[in-house]
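Q: Residue numbers (the working numbering), protein chains in the order written: chain A, 422 to 754; chain B, 422 to 754. We put the CB at the ideal spot given by N, CA and C, even for glycine. Keep in mind the model is a prediction, meaning the values are calculated, not measured. Could you have a look at this structure, given as structure tokens, before my questions?
Protein chains: 2
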Amino acid sequence: MRNIRIKDVAKKADVSTATVSHVLNETRFVAEETKKKVFEAMKELDYRPNSVARSLRSRKSNIIGLLVPLVASDTSNFFFMSIANGIEQVLKENGYNLILSNSGEDLQVEQDQIKVFNTQLIDGLIIAPVDSKHHSYEENLRGDFPTVFIDRQPKDLLSDTVLIDSGVGTYEAIELLIRKGHNKIGFITGPLGITTSDERLEAYIKALKDYNLPYDESLIKIGSATFDSGHKLTAELMKEEVTAIFTANNVMTMGAVNYLQDHHIPIPDKVAIIGFDDYDWLRITSPPLSVVKQPSFEMGKKAVELLMERLNGSEEPFKVYRLPSELVVRGSC
Amino acid sequence: MRNIRIKDVAKKADVSTATVSHVLNETRFVAEETKKKVFEAMKELDYRPNSVARSLRSRKSNIIGLLVPLVASDTSNFFFMSIANGIEQVLKENGYNLILSNSGEDLQVEQDQIKVFNTQLIDGLIIAPVDSKHHSYEENLRGDFPTVFIDRQPKDLLSDTVLIDSGVGTYEAIELLIRKGHNKIGFITGPLGITTSDERLEAYIKALKDYNLPYDESLIKIGSATFDSGHKLTAELMKEEVTAIFTANNVMTMGAVNYLQDHHIPIPDKVAIIGFDDYDWLRITSPPLSVVKQPSFEMGKKAVELLMERLNGSEEPFKVYRLPSELVVRGSC
DNA sequence: CTGAAAGCGCTAACAG
DNA sequence: CTGTTAGCGCTTTCAG
């Protein structure tokens, strides 16, 4: 069954295809009378414009790509999914659709997917880059569409970037722990080298310094961003006799809490803990967990806004935006 | 700057556009020699095929739409996001892209989005329908592309459907509680009328019956699927002096647990509780929560498989697939 | 105020 | 084994 084309509508309404197109897109004046005829014909035939043909001709797909680095572990994804949610919502308001793709933290997959996108498929790209060191972005992002980097900053300023200043919240967290009298505060983090991790560690070090606490490398534990790693590193920290722990990502936070519970170490009486990322379920841990909260939804929103500006022809120099993180105090510290 | 077209490659390689196209798509035999010339030309020009033009001509976009009903509450979304993840992964393996859209549980938004999709934009649709009663799906899904319904079953069998048999896991859960000696078991659920809720309630009732326990309507609490509602209904159940509670969705589970913790009611000593949906973080509640687990990722996978079959021309009658849910026993019962 | 017609980049039928 | 060319459905220029 052949679809109804603009031609069919034109014939039925006894006008030209140009007129139908213009009625459809409100792109030049059409007499009320004529408009009415066209609308009627469209309705009668149940006409639906072919968006692919439209894209080909107008060189605009109204589709935005989103490339995120999800890995299998259930929990690390909530953050990006929340971003995706924010993005989708704002895009829809602007008449755009969202193509979602996952790099799985794999640089090769990521670059391949960028190539797929780079075939007139999308009008713009929002990407949480896998790697901040390599420069393959320059090669593959050939300026065919505007791009916004989120959450992680590539080494060179290649495009607009929206980051969360997780230093702010981290500093607040460490500061609070210090004020509560803790002077041996453990720090658990995933691999360094990505901006988010580095930033959190720096804030930790700065807070210690500002409050004249000694910097002790044995209190800084670096592992993979997994539940098990968080668990294990907590064990190591306990040997160092810390009285407080800060975990720099949500997955490791869970591993840490799990360790403390397994070993019946009372929170916060024996060890205080502050984690990363805020989710509803943190209200039902016991005690409810204090965390540094990242405005994920807002980040998605901001990214879309920047993209829309570029799509509207903005030629401003690239900029980096930082949304503040925030300490949410509950019962674990 | 104009893009490189197939024509440019053809000229450079000194062949026809047809040959280039056939090399690209491996759609007819081309001499090794010629192939090589073409590949070289493509590489030299950094040619990237225009997927929009390709779609227009071949009437195939290689894009699949996914329409889910996310609402603002953080937690209810994990389930669908996990499905989305499964879908994206399998689609990519098949050379497809995923357009993600959100109905927000709003029937109007959902139908509008279907119309947007219904413009040659997608080759297939996977949808978790908002409403199982209305029949607007028939009107808007005009058979232009294959569709797979997931998680919720529309009243009429309109297309292939993948459901999770949450009855299985629910029955197991109630059975376990009964065997542990509970005879006043509360049941908290969101609004009835959607297949998932109904199924869980039925399983609850059946288990009671099978074990000759009285059916007591005052132990069945129906509310909105929110944290607060779960909290409130738990309060009501406590007045009925239940010794065990089953919560039929993840959000209400959290509300329920929160109530019990707030009122220092020991779990499972005073009240046992079994919830719905399994996530990593349930390991760090105290006690770790027992739940009925839904195979969300697998559901996404299955949905894609069905879609691929249809896209490959399968004309089988529509079928409903049910993936089993499963009780995961931890410390809360 | 409206129409005719070119052409976006590609695929595939037809013709050698 | 390869080339020519029509045409997918739409937008938009040019011409009234």
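(1) Mark lysine 722(B) as exposed unless 16 or more other C-beta atoms lie within 10 angstroms of its C-beta, in which case mark it buried.
(2) Could you check which residue in Arg469(A), Ser524(A) and Gly516(A) has the C-alpha nearest to that of methionine 729(A)?
(3) Leaving out five residues before and five after aspartate 699(A) in sequence, what residues of the same chain have Cβ atoms less than 6 Å from its Cβ?
(4) What did DSSP end up calling aspartate 435(B) once you bin it into helix, strand or coil?
(5) What do you reckon, is the C-beta of isoleucine 571(B) under 7 Å from a heavy atom of the ligand ZN?
(6) For a contact meaning CB atoms closer than 8 Å, what does asparagine 518(A) contact in chain B?
(7) May I ask you to list, following chain order, the residues of the segment 638–666 of chain B that have a beta carbon less than 7 Å from some beta carbon of chain A?
(8) Could you work out which residues of chain A lie near glutamate 465(B), taking near to mean beta carbons separated by less than 9 Å?
(9) In the DSSP assignment, find the alpha helix (DSSP H) that holds phenylalanine 500(A) and state where it starts and stops.
(10) According to DSSP, simplified to helix, strand and coil, what is serine 735(A)?
(11) Classify serine 793(A) as buried or exposed, calling it buried when 16 or more other Cβ atoms lie within 10 Å of its own Cβ.
(12) Threonine 568(B) by DSSP, collapsed to three states: which one?
(13) Using a Cβ distance threshold of 8 Å, determine whether the segment 660–678 of chain B contacts the segment 686–697 of chain B, with at least three qualifying pairs required.
(14) Please compile the residues from chain A whose C-beta is within a distance smaller than 8 Å of the C-beta of valine 678(B).
(15) CB glutamate 560(B) to CB leucine 579(B), shorter than 8 Å?
(16) Between Leu710(A), Asp701(A), Trp702(A) and Ile485(A), which lies nearest to proline 689(A) when the distance is taken from Cα to Cα?
(17) Between the alpha carbons of methionine 673(B) and tyrosine 592(B), how many angstroms are there, rounded?
(18) Does the separation of the CB atoms of serine 612(A) and isoleucine 643(A) fall below 8 Å?
(19) Going along chain B, which residues have a C-beta under 7 Å from serine 476(A)?
(20) Just to confirm, is the Cβ distance from valine 725(B) to isoleucine 508(B) under 8 Å?
(21) Interface residues of chain A around aspartate 698(B) at Cβ under 9 Å?
(22) To the nearest angstrom, how far is it from the Cα of serine 650(B) to the Cα of serine 437(A)?
(23) Counting only the same chain and skipping the five closest in sequence on each side, list residues whose C-beta sits under 7 Å from that of serine 735(B).
(24) Beta carbon of leucine 521(B), beta carbon of leucine 521(A): below 8 Å?
(25) Could you give the distance in angstroms between the alpha-carbon of leucine 546(A) and the alpha-carbon of phenylalanine 460(A)?
(26) So what does serine 642(A) bridge to, in DSSP terms?
(27) By the DSSP assignment, the beta strand (DSSP E) with arginine 704(B) in it spans what residues?
(28) Going along chain A, which residues have a C-beta under 9 Å from alanine 505(B)?
(29) Tell me aspartate 586(A)'s beta-bridge partners as DSSP assigns them.
(30) Can you confirm whether phenylalanine 397(A), when its beta carbon is compared against all beta carbons of chain B, has any partner nearer than 8 Å?
(31) Between isoleucine 609(B) and threonine 647(B), which are expected to be in contact by the criterion C-beta below 8 Å, what is the C-beta distance as a whole number of angstroms?
(32) Alpha carbon to alpha carbon, how far is valine 444(A) from valine 492(B)? Give it in angstroms, no decimals.
(33) Per DSSP, what are the beta-bridge partners of aspartate 581(B) in this structure?
(34) Identify each residue in the segment 711–743 of chain B for which the Cβ-Cβ distance to at least one residue of chain A is less than 8 Å, and report them in chain order.
(35) Could you check whether the segment 591–607 of chain A touches the segment 567–577 of chain A, counting it as contact only if at least three pairs of C-beta atoms, one from each stretch, sit closer than 8 Å?
(36) I'd like to know if methionine 673(A) contacts chain B, where contact means its C-beta is closer than 8 Å to some C-beta of that chain.
A: The short version:
(1) With 16 or more other Cβ atoms within 10 Å, it is buried.
(2) Nearest option by C-alpha distance: Gly516(A).
(3) Counting only Cβ-Cβ distances below 6 Å, and skipping sequence neighbours, we find Val712, Lys714 and Val749.
(4) coil
(5) With respect to the ligand ZN, the structure shown offers nothing to examine, as it has no ligands at all.
(6) At a C-beta separation below 8 Å, asparagine 518(A) has these neighbours in chain B: Ile520, Ser522, Val537 and Leu542.
(7) Phe648
(8) The contacting residues do not exist; glutamate 465(B) stays about 15 Å from chain A at best.
(9) 498–514
(10) coil
(11) The displayed coordinates of chain A run from 422 to 754. Any statement about residue 793(A) would go beyond what the structure contains.
(12) Threonine 568(B) falls in the strand class under three-state DSSP.
(13) yes
(14) Ile705
(15) no
(16) Leu710(A)
(17) 19 Å
(18) The residue asked about is misnamed: residue 612(A) is proline in this sequence, not serine. Yes; because the gap between Cβ atoms is below 8 Å, this pair is in contact.
(19) Val473
(20) yes
(21) Those within 9 Å of aspartate 698(B) in chain A number zero; the least Cβ separation is about 11 Å.
(22) 58 Å
(23) none
(24) yes
(25) 35 Å
(26) The residue asked about is misnamed: residue 642(A) is lysine in this sequence, not serine. Ile609(A), per the DSSP bridge assignment.
(27) Taken as a continuous stretch (DSSP letters only), arginine 704(B) belongs to no beta strand (DSSP E), as it is neither H nor E.
(28) Met502, Ala505 and Leu521
(29) Pro745(A)
(30) No answer is possible for residue 397(A): the residues shown for chain A start at 422 and end at 754.
(31) Rounded, the Cβ-Cβ distance is 11 Å, inconsistent with contact.
(32) Inter-residue distance for valine 492(B) and valine 444(A) is about 35 Å (C-alpha atoms, whole angstroms).
(33) Val569(B)
(34) none
(35) no
(36) no
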